[in-house]
Amino acid sequence: DAMVIQNPRYQVTQFGKPVTLSCSQTLNHNVMYWYQQKSSQAPKLLFHYYDKDFNNEADTPDNFQSRRPNTSFCFLDIRSPGLGDAAMYLCATSRDLGGYNEQFFGPGTRLTVL
Amino acid sequence: GENVEQHPSTLSVQEGDSAVIKCTYSDSASNYFPWYKQELGKGPQLIIDIRSNVGEKKDQRIAVTLNKTAKHFSLHITETQPEDSAVYFCAASRRSGAGSYQLTFGKGTKLSVIP
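Heads up: the sequence lines are chains R and Y, in that order. As numbered in the numbering used here, residues 1 to 114 make up the first sequence, in order. As numbered in the numbering used here, residues 1 to 115 make up the second sequence, in order.
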């Protein structure tokens, strides 16, 4: 089945130790998003790629970076995780349907910072 | 930017009863309104959506209505079952300056269906 896959599902890191989360998709969608979701809150958009074009949200900290080496894969790098970065990180994909799009989410990676 | 308000934040219903969740949005440029169901520890799952040129859409026990003039839309779940228990998010989508579309989410409604 076509889907959005995130690895790992659970990630534990130490304060200040860089961590990379990965997302892959078999939907062949041209847009990929990264969201941060803290407990009992709505997902918050960090950035997205429209094809190869990177679009950062204005309030996304510099500590968060992303790479998209090809259509199928996208990575979220957290350069120096702080305790406040503990959250669920969600990857989503979509394609332009000519006036609207549908976003499909992966299962998420739960990040714990010790 | 867009602002989406969602009510109620928590909702408890007896199994078999109906549940209604309401959302309002602020940006008239928003043209697509999806609803997501999120179970504990999982990613949001798209359950139904509606485009701005449609007033109502139904899929089995789930229906969504949209009032563009009033800028509000609602999710209706009939004959609720315990497996409907989850957090539900409404969202509004509009084209961003980058050419892609962005979702603005409501704060979520935690639905509990009591057997």
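Even glycine gets a Cβ: it sits at the ideal position worked out from N, Cα and C.
Q: Go to Y:Val54, then tell me how far its beta strand (DSSP E) extends in each direction, as first and last residue.
A: That residue, Y:Val54, is in no beta strand (DSSP E); it is neither H nor E in DSSP.
**Q.** Residue closest to R:Pro81, alpha-carbon to alpha-carbon, out of R:Phe15, R:Met3 and R:Arg9
**A.** R:Phe15
**Q.** Near-chain R residues of the stretch 64-86 of chain Y (beta-carbon distance less than 9 Å), N- to C-terminal order
**A.** none
Q) Cα separation between Y:Thr78 and Y:Ser18? A) Each residue's alpha carbon lies about 4 Å from the other.
Q. Name the chain R residues that come within less than 8 Å of Y:Lys42, Cβ to Cβ?
A. Pro107 and Gly108
Q. Are the stretch 53-67 of chain Y and the stretch 5-16 of chain Y in contact at 8 Å, needing three or more beta carbon pairs?
A. no
(Q) Tell me the residue span of the beta strand (DSSP E) that contains Y:Thr78. (A) Premise fails: Y:Thr78 is in no beta strand (DSSP E) and is neither H nor E.
**Q.** Residues from the stretch 43-75 of chain R in contact with chain Y, defined by Cβ distance under 8 Å
**A.** So the close ones are Pro43, Leu45, His48, Tyr50, Asp53 and Asn55.
Q | Y:Ile47 and Y:Tyr36 closer than 9 Å at C-beta | A | Yes; because the gap between Cβ atoms is below 9 Å, this pair is in contact.
**Q.** Below-9 Å beta-carbon distance, Y:Ser100 vs any chain R residue
**A.** yes
Q. Can you name, in chain order, every residue of its own chain whose Cβ lies under 7 Å from the Cβ of R:Thr83, other than the five neighbours on each side?
A. One detail in the question is off: residue 83 of chain R reads as Leu in this sequence, not Thr. Cβ within range, chain order: Phe15 and Val113.
Q) Within the 9 Å Cβ cut-off, does R:Phe104 reach chain Y? A) At a cut-off of 9 Å between C-beta atoms, R:Phe104 counts as an interface residue with respect to chain Y.
Q.
For the stretch 26-42 of chain Y against the stretch 53-61 of chain R, do three or more pairs of beta-carbon atoms, one drawn from each stretch, fall closer than 8 Å, so that the two count as touching?
A. no
Q) So with Cβ pairs under 9 Å, would you call R:Asp96 a contact of chain Y? A) yes
Q: Give me the Cα-Cα distance between R:Pro8 and Y:Asn67, rounded to the nearest whole angstrom.
A: Cα to Cα, R:Pro8 sits roughly 41 Å from Y:Asn67.
Q: Check Y:Leu103 in the structure and name its three-state DSSP category.
A: strand
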